[in-house]
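Using my numbering, the first residue of the sequence shown is number 16, and each one after it goes up by one.
For each residue, glycine too, the CB sits at the ideal point set by N, CA and C.
Worksheet: one structure, shown below.
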Amino acid sequence: MISDSEFIAIRAFDRTLFNSVDSAQRIINEKNGQLIALARQLQAAQRELEIERGKRKLAEYKLLRRQ
Numbered sequence: 016m017i018s019d020s021e022f023i024a025i026r027a028f029d030r031t032l033f034n035s036v037d038s039a040q041r042i043i044n045e046k047n048g049q050l051i052a053l054a055r056q057l058q059a060a061q062r063e064l065e066i067e068r069g070k071r072k073l074a075e076y077k078l079l080r081r082q
């Protein structure tokens, strides 16, 4: 059987461990949110790049047709 002081020490350790895990989870969630935002920015930039490439190809095609 464990003593009261051992039980209190174990509970304190449990709380410390829980708080550490909780803090780590908050940090992970924050970083995941940042990664999602960056991924969305990248997708938007890729779409814009594709639009610009399409415009350039269309302009080249029109130039070739005129010649």
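Residue range of the alpha helix (DSSP H) that includes residue i
| i | result |
| --- | --- |
| Ile-25 | 19-81 |
Spatial distance of residue i from residue j (CA atoms)
| i | j | result |
| --- | --- | --- |
| Arg-26 | Asp-37 | 16 Å |
| Asn-34 | Gln-40 | 10 Å |
| Ala-52 | Gln-58 | 10 Å |
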